[in-house]
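Note that the protein sequences, when read in sequence, are chains P and B.
Sequential numbering of the first sequence, starting at 31, is according to our numbering.
Sequential numbering of the second sequence, starting at 183, is according to our numbering.
We put the CB at the ideal spot given by N, CA and C, even for glycine.
The structure under discussion appears below in the form of structure tokens.
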Amino acid sequence: MSLTPSPGHELPSEHYLNATYGIRSWLLTTDHKRIALLYLASVTFFFFIGGTFATMIRIHLLTPNGYLVTPENYNKLFTMHGVAMIFFFLIPSIPAVLGNFLIPLMIGAKDLAFPKINLLSWYIYLVGGGFVLYSFSTGGLDTGWTFYTPLSSVYSNSAVTPAVLGVFINGFSSILTGLNFIVTIHTMRAPGMTWFRLPLFVWAHYATSIIFILGTPVIAITLLLAGLERMFHLGFFNPVLGGDPILFQHLFWFYSHPAVYIMILPAMGVISEIIPTFSRKTIFGYTFIAGSSIAIAVIGFFVWAHHMFLTGQSPYAALTFSLLSYLVAIPSAVKVFNWTSTLYKGSISYDTPMLYALGFIGLFLIGGLTGLFLACLGLDIHIHDTYFVVAHFHYIMVGGAVMGYVGGLHFWWPKITGRLYPESLARIAAVTLFVGFNLTFFPQFILGYLGMPRRYHSYPPEFQVLNVMSTAGASILALGYLLPMIYLVWSMRYGKVAGRNPWPATGLEWQTDSPPLTENFDVTPEVTWEPYDYNNRPELGLAVTGEPSLAPAHGDD
Amino acid sequence: MHRTGELYGQFETMEQQREAASLGMWVFLVTEVLFFGGMFMTYTLNRSTYPDIFGEASRSINLTLGAINTVVLIGSSLTMAMAVWASQVGKKQLVTIFLISTLVLGSVFLAIKAVEYHEKFVEHHVPGFNFSFEPGASIATNAHAQLFFSLYFAMTGLHALHMIIGAGLLLWLIKQSMRGRFTPQYNTPVELVGLYWHFVDIVWIFLFPLLYLIDRH
Numbered sequence: 031m032s033l034t035p036s037p038g039h040e041l042p043s044e045h046y047l048n049a050t051y052g053i054r055s056w057l058l059t060t061d062h063k064r065i066a067l068l069y070l071a072s073v074t075f076f077f078f079i080g081g082t083f084a085t086m087i088r089i090h091l092l093t094p095n096g097y098l099v100t101p102e103n104y105n106k107l108f109t110m111h112g113v114a115m116i117f118f119f120l121i122p123s124i125p126a127v128l129g130n131f132l133i134p135l136m137i138g139a140k141d142l143a144f145p146k147i148n149l150l151s152w153y154i155y156l157v158g159g160g161f162v163l164y165s166f167s168t169g170g171l172d173t174g175w176t177f178y179t180p181l182s183s184v185y186s187n188s189a190v191t192p193a194v195l196g197v198f199i200n201g202f203s204s205i206l207t208g209l210n211f212i213v214t215i216h217t218m219r220a221p222g223m224t225w226f227r228l229p230l231f232v233w234a235h236y237a238t239s240i241i242f243i244l245g246t247p248v249i250a251i252t253l254l255l256a257g258l259e260r261m262f263h264l265g266f267f268n269p270v271l272g273g274d275p276i277l278f279q280h281l282f283w284f285y286s287h288p289a290v291y292i293m294i295l296p297a298m299g300v301i302s303e304i305i306p307t308f309s310r311k312t313i314f315g316y317t318f319i320a321g322s323s324i325a326i327a328v329i330g331f332f333v334w335a336h337h338m339f340l341t342g343q344s345p346y347a348a349l350t351f352s353l354l355s356y357l358v359a360i361p362s363a364v365k366v367f368n369w370t371s372t373l374y375k376g377s378i379s380y381d382t383p384m385l386y387a388l389g390f391i392g393l394f395l396i397g398g399l400t401g402l403f404l405a406c407l408g409l410d411i412h413i414h415d416t417y418f419v420v421a422h423f424h425y426i427m428v429g430g431a432v433m434g435y436v437g438g439l440h441f442w443w444p445k446i447t448g449r450l451y452p453e454s455l456a457r458i459a460a461v462t463l464f465v466g467f468n469l470t471f472f473p474q475f476i477l478g479y480l481g482m483p484r485r486y487h488s489y490p491p492e493f494q495v496l497n498v499m500s501t502a503g504a505s506i507l508a509l510g511y512l513l514p515m516i517y518l519v520w521s522m523r524y525g526k527v528a529g530r531n532p533w534p535a536t537g538l539e540w541q542t543d544s545p546p547l548t549e550n551f552d553v554t555p556e557v558t559w560e561p562y563d564y565n566n567r568p569e570l571g572l573a574v575t576g577e578p579s580l581a582p583a584h585g586d587d
Numbered sequence: 183m184h185r186t187g188e189l190y191g192q193f194e195t196m197e198q199q200r201e202a203a204s205l206g207m208w209v210f211l212v213t214e215v216l217f218f219g220g221m222f223m224t225y226t227l228n229r230s231t232y233p234d235i236f237g238e239a240s241r242s243i244n245l246t247l248g249a250i251n252t253v254v255l256i257g258s259s260l261t262m263a264m265a266v267w268a269s270q271v272g273k274k275q276l277v278t279i280f281l282i283s284t285l286v287l288g289s290v291f292l293a294i295k296a297v298e299y300h301e302k303f304v305e306h307h308v309p310g311f312n313f314s315f316e317p318g319a320s321i322a323t324n325a326h327a328q329l330f331f332s333l334y335f336a337m338t339g340l341h342a343l344h345m346i347i348g349a350g351l352l353l354w355l356i357k358q359s360m361r362g363r364f365t366p367q368y369n370t371p372v373e374l375v376g377l378y379w380h381f382v383d384i385v386w387i388f389l390f391p392l393l394y395l396i397d398r399h
């Protein structure tokens, strides 16, 4: 395939960023694109908070006895790291930032169905975040992010109540976002945008929204009961008063296991957009990828008790949950096979988003396969609550979800800001992240297999080498995160102007201005083409087979 | 987004707007089912663990008041349904009258609930430090009876909170209705608040037998 360089562009004179000015125009906006940017700023803030705790954990674990913090404070560090990262960064990251920005653009709508509710969910997020920050700054909490009772409801002396309240409140932000997405996808599609012409990113968010609306209310009521138990000395989950602590774990994981799919499904949606774009090929097995998102969301609701194999649950229950957990591997593998089949004989270019996508596939594969180890009843007894588990879920959450998020940010950055980031620097950052990530977390698989338990502030001296490797990796990883933050902010002002469709890609979002108008499109678009038709869209610079087509635009060409 | 008449800017047609609003309310009610579901699960588990004490504790709450409240609430669902009907056929005055009757019945329900809570308070059946199921009861009996009352207060309390929110929505509807805003072409808010109100009633239809009637034969 011969490529012609992409031409120069100018910014559109009017777009959502310059339509109105002033602090009120942001804080009271109902534009889904501006709300997405509000979310971008706030989740980045919580990422910093959670990242700071992670850094302290890794520094503390440099030596077997750990000199940085006391054992009590170590418990608080890993708890606050988990709470900040899971509830306030990972869960809202892709849906509330990229999903919010892109879903209306991708389906050809002017906005989400309920723009005011969209803004409301951001404010609910802030209120929930405020309570959690209050807990962090008035002594922190030490229960683990899982808030297991009766530790959280009776015995812990830390600031549990505000944190539980904060997570409870934040749940409603998720619920409203999910509700908004579902209604928008059902009712706001442009003419010709049928269900099977929807981008796979939208399918992934539809599946995620199902989990948002079905799972989140359960964690909300569970935390409410635990909070009431703590405040009024009730006994729902306290065995001393006749309650059942295992019930809390069931209710907690009924949400919190599907919550893992809230984090990974949107990332899979991002990857499904990036891979065909930089392979210049129709995605392989569209309906299977779309269907597997829904399958993951549905099966994901029936696997929760695999977190509780060692609670003394009935062996028949354990066997069933083990089997069901294996089942999730099928739709996950369907996706991986379809992505790799898309790459096969594609015209691949290694642009930054593609590096993240390829990294995602590798890391998700490791994370997913080690999940099978953990779903295995016998093996789980050995590695339960060890660093093996820590490594496994970081491969999914950081290697998967965060890679997808950062890759997606790069991919749609030209649409969000109208400008390109510096390509070579971005490629360096992507490789740094990948190397740093693996160096941080791969040693933890070995540590866990050798028997190092999680959530301990000290460890036997023979584990030091692997822990030092992990900490060294974490510093590379931190650099990998700092670089994009710096050059992305820089590019907002100084980056090369991107034009409507810099890669070029086939999605509807690329057929309007970058940055888009407040109303997204001049006229409501009408969709007459099939999705990901990379061989049949000459009007986008994607030539029919054999003809020259446009090269991806780079910020530093 | 700008609004033209009753049509908000993000929508193309009134039809689309009505569809979105109604689907939104149904999805919201699904989340509500799951929200209450966690408590029903907690209730079910504890009742099957302590069937005798749950029966005994259940007998101590006032069946007459509970039964009256059930009738009151079903009546309020009827007036709510009538309000929706009236708004669809364009009988503007009737809409207001039925909405006000719904609000009155809802308030009667909350008032009776307050009387019941007061009874429990006097009997030391409110969970917490002063809880005592009956004089001379063993520690275990007390603890398990307290579980029942914790669930009783959590479940009816959350239900009452939903009633209060519903009453607020009704007040807003009555104000709009008095201005004659609801017509056969535009009555979505009445319809949606109606859906919400019926949902809250249905929750009570489950709460009543589970809390009041478990051991009354």
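Contact check, THR548 of chain P vs LEU509 of chain P, beta carbons under 8 Å: no
Stretch pair the stretch 313-328 of chain B + the stretch 268-286 of chain P: three plus CB contacts closer than 8 Å: yes
Rounded straight-line distance, which links the Cα of PHE236 of chain B to that of MET221 of chain B: 16 Å
Extent of the continuous alpha helix (DSSP H) to which TYR299 of chain B belongs: 274-304
Segments assigned alpha helix (DSSP H), at least 4 residues, entirely inside the stretch 179-233 of chain P: 190-217
Meets three-Cβ-pair contact criterion under 8 Å: the stretch 371-382 of chain P and the stretch 305-313 of chain P: yes
Whole-angstrom C-beta distance between GLY288 of chain B and SER258 of chain B, which should lie under 8 Å: 5 Å
Test item: CB-CB of ILE65 of chain P and THR59 of chain P under 8 Å: yes
Three-pair Cβ contact test at 8 Å for the stretch 80-93 of chain P versus the stretch 152-159 of chain P: no
LYS106 of chain P - containing alpha helix (DSSP H), residue span: 101-115
Whole-angstrom C-beta distance between LEU255 of chain B and PHE218 of chain B, which should lie under 8 Å: About 16 Å separates the two Cβ atoms, so there is no contact after all.
Selection from P:SER43, P:GLU102, P:VAL197, P:LEU357 that minimises the alpha carbon distance to PHE119 of chain P: P:VAL197
First through last residue of the alpha helix (DSSP H) which encompasses ASN251 of chain B: 245-271
For TYR236 of chain P, three-class secondary structure by DSSP: helix
Classification of PRO221 of chain P by the beta-carbon crowding that lies within 10 angstroms, buried from 16 upward: exposed
contact_flag[the stretch 32-42 of chain P, the stretch 577-586 of chain P] where n(CB pairs < 8 Å) is 3 or more: yes
Proximal residues of chain P, C-beta to C-beta of TYR394 of chain B below 8 Å: Within 8 Å Cβ-Cβ: nothing; TYR394 of chain B doesn't reach chain P, min ~20 Å.
Where PHE262 of chain P meets chain B, residues with beta-carbon distance less than 7 Å: PRO309, GLY310
Of the residues P:THR207, P:GLY201, P:LEU572, the one placed nearest ASN148 of chain P, counting alpha carbons only: P:THR207
Bridge-paired residues (DSSP) for TYR190 of chain B: B:ARG185
Contact the stretch 237-255 of chain P vs the stretch 168-175 of chain P: 3+ CB pairs below 8 Å: no
Nearest neighbour of ALA387 of chain P, chosen from P:ILE294, P:PRO561, P:PRO452, P:TYR489 [CA to CA]: P:ILE294
Residues bridged to SER579 of chain P (per DSSP): P:LEU33
Cα-Cα separation, SER182 of chain P to PHE472 of chain P: 31 Å
Best match in P:HIS422, P:LEU385, P:THR317 for proximity to TRP233 of chain P [C-alpha to C-alpha]: P:THR317
Segment limits, alpha helix (DSSP H) that includes ALA387 of chain P: 382-405
Chain-ordered residues of the stretch 123-142 of chain P with a beta carbon less than 9 Å from chain B: PRO134, ALA139, LYS140, ASP141, LEU142
Where the alpha helix (DSSP H) containing GLN279 of chain P begins and where it ends: 275-309
Closer than 8 Å to chain B by CB, PHE144 of chain P: yes
Interface partners of HIS326 of chain B on chain P, CB under 7 Å: GLY272
Own chain residues within Cβ distance below 6 Å of PHE441 of chain P, not counting five before or after: ILE304, PRO383
Any chain P beta carbon closer than 8 Å to GLU188 of chain B: no
Euclidean distance between Cα positions of HIS62 of chain P and ARG219 of chain P: 16 Å
Coil, strand or helix - VAL527 of chain P by DSSP: strand
Own chain partners of THR252 of chain P with C-beta closer than 7 Å, once the 5 adjacent residues on each side are dropped: PHE278, LEU281, PHE282
Limits of the unbroken alpha helix (DSSP H) element including ASP234 of chain B: 233-241
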